[in-house]
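Asker: Taking the working numbering, the leading residue of the sequence shown gets 22, the next gets one more, and so forth. The C-beta atom is built at its ideal place from N, Cα and C for all residues, glycine as well. Structure below; questions to follow.
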Amino acid sequence: MATQPRTRISGASVPDLVLAAATRLFAQQGFEATSVQQIVDAAGVTKGAMYHYFSSKDELLTASYRQLLDRQLEHLVEISGRDLPVVERLRLIAEVLVLTTLADLDRATAFHNSMHLLRAPSRTTIREQRRTFRRTFEDVVREGIASGELREDLSVDLVMFNFMGAIGYLTVWFTPDGPRTPDEVASAYGDMLIAALV
């Protein structure tokens, strides 16, 4: 009786196995310190199988981060379109961005620590997606300023950069076994964002 490949036993596809292994290793030891051999060994696949789906480590890092960014952008677009006061939408946006980041901390950590190493076209792809994210967030802030819900002296781009910097820094200080739960951190970030804007 022939044995089935690991992808069948685990129920995961080769791309999923490779991406999960790469993400974990990038978060633990850094992008530059992680070799393709380490990735395929951790995934239980051959280099040929990996290269069938991903042309480089750069592409792996981009694909990994896009999974998180796609999810966050989907939440951002959905919440920003709700029929709620701007302050409530911004609080929800803050909370969901914190929770999705902390739920996928390896992916966020890998990208936060390695984004400066991306080469074109990967860098271009991520920048375009982040621009969409930025515009959506800033549009909600502008709406709040125009409606009088938020202070009129706000610099919209600085609000976005400040808040997203705080989200990125979660990868530096948050630990799952630390003194604060993800829900507590999300609530605090929501409170801090609103306190800075009204």
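(1) In three-state DSSP terms, what is G65?
(2) In its own chain, which residues sit with a C-beta less than 6 Å from the C-beta of L81, not counting the 5 before and 5 after it?
(3) In chain order, what residues of the same chain lie with their CB nearer than 8 Å to the CB of T55, ignoring the 5 residues before and after it?
(4) Helix or strand or just coil, what does DSSP make of L171?
(5) Could you spell out where the alpha helix (DSSP H) holding G51 opens and where it closes?
(6) Can you tell me the Cβ-Cβ gap for R20 and Q93, rounded? I've got them flagged as a contact below 8 Å.
(7) Can you tell me whether DSSP reads T192 as helix, strand or coil?
(8) Answer with buried or exposed for F52, where buried requires no fewer than 16 other C-beta atoms within 10 angstroms of its C-beta.
(9) Say whether the stretch 205–214 touches the stretch 135–155, bearing in mind that this needs 3 or more beta-carbon pairs closer than 8 Å, one atom from each stretch.
(10) As a quick exercise: from S85, P197 and A63, pick the residue whose alpha carbon is nearest that of A131.
(11) So, for R155: in the same chain, excluding its five sequence neighbours on each side, which residues have a beta-carbon less than 7 Å away from its beta-carbon?
(12) Does DSSP put R103 in a helix, a strand or coil?
(13) Is it buried or exposed, H133, if we count other Cβ atoms within 10 angstroms and call 16 or more buried?
(14) Pick helix, strand or coil for F75, following the three-state DSSP scheme.
(15) If you drop the 5 nearest sequence neighbours on each side, which residues of the same chain put their C-beta closer than 8 Å to that of P106?
(16) Would you tell me roughly how many angstroms separate the C-alpha atoms of S168 and V162, rounded to the nearest one?
Answerer: Reading it off the structure:
(1) For G65, the three-state secondary structure derived from DSSP is coil.
(2) A43 and F75
(3) A43, L46, F47 and K78, listed in sequence order.
(4) Under the three-state reduction of DSSP, L171 is assigned to coil, being neither helix nor strand.
(5) That residue, G51, is in no alpha helix (DSSP H); it is neither H nor E in DSSP.
(6) No answer is possible for residue 20: it lies beyond the span of the chain, which begins at 22 and ends at 219.
(7) helix
(8) buried
(9) no
(10) Here the closest residue by C-alpha is S85.
(11) M181
(12) coil
(13) buried
(14) In the three-state reduction of the DSSP assignment, F75 falls in the coil class.
(15) E170
(16) 10 Å
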